[in-house]
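Inspection log for the structure reproduced underneath, given as structure tokens.
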Amino acid sequence: MSQSDLFNLGGRVALVTGGARGLGEASART
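Right, dumping it as structure tokens:
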């Protein structure tokens, strides 16, 4: 596994967790 692959994976995970957190906050607000 190359370093750029690892970076891509980390970015994707951050994006997914960030999106999930945003959705959770949005649904908790309504």
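Residue numbering for the sequence shown is 14 to 43, as defined by my numbering.
No residue lacks a Cβ here, since even glycine has one placed at the ideal position from N, Cα and C.
Remember, it's a predicted structure, so these values are computed and weren't measured experimentally.
- Here the C-alpha atom of residue 26 lies approximately 24 Å from the C-alpha atom of residue 42.
- Judged by DSSP secondary structure, residue 15 falls outside any alpha helix (DSSP H); it is assigned neither H nor E.
- Within the model, the alpha-carbon separation for residue 21 versus residue 15 is close to 10 Å.
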